[in-house]
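Asks: If you scroll down you'll find the structure; I have some questions about it.
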Amino acid sequence: MTTDAGLHTVMLMRELALSAGYAGILRAAAELRLADALGEAPATVTELALEVDADPEALARLLRALAVHGVFAEDGQGRYTHTEMSRLLRADAPRSMLYMVLWATEPWTWALWGRLAEAVRRGGEVFGEVYGKDFFTHLHEDAPDSAQVFDRAMTQSSVMSARMVAEMLDLDGAGVVADIAGGQGYLLATLLERHPTVRGVLFDLPKVLLNPDPRLAEGGTLAGRARLVPGDCRESVTPGADVYVLKNILEWEDESTLRALRNVRAAARPGAKVVVIENLVDGSPEMKFATAMDLLLLLNVGGRRHTKDGLVGLIGQAGLEVTDLRRVGPYLHMIESTVPGA
Ligand SMILES: C[S@@+](CC[C@H](N)C(=O)[O-])C[C@H]1O[C@@H](n2cnc3c(N)ncnc32)[C@H](O)[C@@H]1O
């Protein structure tokens, strides 16, 4: 006989099984730019449908599904208003997550999740088989829109953490800081603004550097103190910086992670500081997100979200001496190490 508790469990399982649908619902809101279409005043579905060029009846169903999750609210008179969640989908929100939502639901993610069992059997990525190239090569050669979504999503998530990282990172006495795989450079720009005598190097894949943070770009407020260096950190990195930052990049299979760390060690002078900043999977306050992201990394780059011991171990294996491990805000850890031989 089914008990009440059993029924609850059945409902949880049904919801979990349909969670791809929830992601799809959220993506539709982002693609339609619904949050930008709705201003401060409540709007009817008909008004919104006109604004985003949608079928009113279908849009009513989408809005009802979104409101169940707290994304938009219905005011009891058939009009919709913003909620704290729906405001995060506005392009101009201070903590906008528009591109984060688009990135996490890009077409390539749908193609990969269906092959998770295969990736688990194999213990490696499936991206190459689906798209014929590795993840970043595919993005940059075949999917420029998706690449742009990716870069913007990384910048939006950096906005959340850059200030905290800048507050914690001691750059006293440093002349040059290099952000390896630093994306569009939001974190580097934040560091340079905070430390007016420090110069910076932004190192990333060539296509990413075509569209840097405006402060670092030619004519930008920090351009005189910043160098943009295109390259592949699995091949080599810019030599001679006093501090190397690697944030959310050591998420490949361990061989590539070790190669990148060893390249940093080879490029840095003895005594230089190497700062690795990552979301760790153990002790994360958001285990549902962290464990799913860990598996998305398995699917697309054969990589992982590390445990504390796992990442510290790899940094040691690369010949760096770990000196400190601290939390940065609720989601990130900062592991400081030095290049031996000073
Ligand atoms: C997850 S994002 C993190 C970006 C940035 N560090 C941040 O925290 O916002 C990973 C970055 O690594 C870059 N990347 C990937 N493979 C790389 C490689 N082989 N060499 C240099 N950069 C690479 C990507 O272009 C992307 O900007």
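Numbering (the UniProt record's numbering), first residue to last: 1 to 342.
The beta-carbon is built from N, C-alpha and C at its ideal position, and this holds for glycine as well.
Bear in mind the structure is a predicted one, so any value in this text is a computation, not a measurement.
#1: CB I249 to CB A260, shorter than 8 Å?
#2: Give me the Cβ distance between L228 and L246, rounded to the nearest whole Å; I'm assuming they're in contact under 8 Å.
#3: Using a Cβ-based criterion (distance less than 7 Å to any ligand heavy atom), does A318 qualify as near ligand 1?
#4: Using beta-carbon positions only, say whether L191 and L210 come within less than 8 Å of one another.
#5: Ignoring anything shorter than 3 residues or poking outside the stretch 207-239, list the beta strand (DSSP E) runs there in chain order.
#6: In this structure, does DSSP put G200 in helix, strand or coil?
#7: Just reading off the alpha helix (DSSP H) that L62 is part of, what are its end residues?
#8: Could you check if L299 belongs to the surroundings of ligand 1, using beta carbon to heavy atom distance under 7 Å?
#9: If you measure from the CB of R64, is any heavy atom of ligand 2 nearer than 7 Å?
#10: So, is G303 buried or exposed, given that buried needs 16 or more other C-beta atoms within 10 angstroms?
#11: On the DSSP letters alone, give me the boundaries of the alpha helix (DSSP H) that I315 sits inside.
#12: Here's the rule: buried if 16 or more other CB atoms are within 10 angstroms of the residue's CB, otherwise exposed. What is K288?
#13: In chain order, which continuous runs of the beta strand (DSSP E) of length 3 or greater are located wholly inside the stretch 137-180?
#14: Write down the C-beta distance between L102 and A153 rounded to the nearest angstrom, noting that I regard them as a contact closer than 8 Å.
#15: Spatial neighbours of E51 within its chain, please: CB distance less than 7 Å, with the 5 preceding and 5 following residues excluded, ordered by chain position.
#16: D151 and G185 - do their beta-carbons sit closer together than 8 Å?
#17: As a quick exercise: from E251, S158, E193 and G183, pick the residue whose alpha carbon is nearest that of L171.
#18: Strictly under 8 Å for the Cβ-Cβ distance: is V159 near chain C by that measure?
#19: Measure the C-alpha to C-alpha separation of V45 and A73 and round it to an integer number of angstroms.
#20: Assign residue 378 to one of three DSSP states: helix, strand, or coil.
#21: Distance, Cα to Cα, M11 vs P330?
#22: Could you tell me whether the Cβ atoms of V274 and L320 are closer together than 8 Å?
#23: Could you name each continuous beta strand (DSSP E) segment of 3 residues or more that falls completely within the stretch 246-307, going from the start of the chain to the end?
#24: Is the CB-CB distance between V243 and V328 below 8 Å?
#25: Which stretch, first to last residue, makes up the beta strand (DSSP E) that contains S337?
#26: So, helix, strand or coil for R79, using DSSP?
#27: Within 10 Å of its beta-carbon, does W110 have 16 or more other beta-carbons around it, so buried, or fewer, so exposed?
#28: Which same chain residues, not among the five before or five after S158, have their C-beta less than 7 Å away from its C-beta?
#29: For T238, count neighbouring C-beta atoms within 10 Å of its own C-beta (all shown protein chains included) and say buried if the count is 16 or more, exposed if not.
#30: Could you please give the first and the last residue of the uninterrupted alpha helix (DSSP H) stretch that includes D326?
Replies: A quick look at the data gives this:
#1: It is a contact, given that the beta carbons lie within the stated cut-off.
#2: The Cβ separation is near 17 Å, so there is no contact.
#3: For ligand 1, not one heavy atom lies less than 7 Å from the Cβ of A318.
#4: Going by C-beta atoms, L191 is not nearer than 8 Å to L210.
#5: Correct list: 226-230.
#6: Strand, per DSSP.
#7: It spans P56 to V68 - the alpha helix (DSSP H) in which L62 sits, taken as one unbroken run.
#8: Incorrect: L299 has no Cβ contact closer than 7 Å to ligand 1.
#9: This structure does not include ligand 2; its bound ligands are ligand 1.
#10: Buried, by the Cβ-count rule.
#11: I315 -> alpha helix (DSSP H) spans K308 to Q317.
#12: The residue in question, K288, is exposed, as its Cβ has fewer than 16 Cβ neighbours within 10 Å.
#13: Correct list: 176-180.
#14: Indeed, because the Cβ distance is near 7 Å, the residues count as touching under 8 Å.
#15: Taken in chain order, the residues that qualify are A37.
#16: Pairing G185 with D151 gives a Cβ-Cβ distance that is not under 8 Å.
#17: Closest in alpha carbon position to L171, among E251, S158, E193 and G183, is E193.
#18: Included in the structure is just one protein chain, with no chain C present.
#19: Taking the straight line from one Cα to the other gives about 12 Å.
#20: Residue 378 is absent from the model: the chain starts at 1 and stops at 342.
#21: Straight through space, the alpha carbons of P330 and M11 are spaced by roughly 31 Å.
#22: L320 sits close to V274, with the two beta carbons spaced by under 8 Å.
#23: 273-278, all fully within the stretch 246-307.
#24: The answer is no: Cβ separation not under 8 Å.
#25: Where S337 is concerned, the enclosing beta strand (DSSP E) stretches over L332 to T338.
#26: Strand, per DSSP.
#27: Counting of Cβ neighbours within 10 angstroms places W110 among the exposed residues, the total staying below 16.
#28: In chain order, G183, Y186 and L187 place their CB closer than 7 Å to the CB of S158, counting only its own chain and leaving out the 5 sequence neighbours on each side.
#29: Flag for T238 reads buried.
#30: Contrary to the premise, residue 326 reads as Arg rather than Asp in this sequence. Segment E321 to V328 is the beta strand (DSSP E) holding R326; no alpha helix (DSSP H) there.
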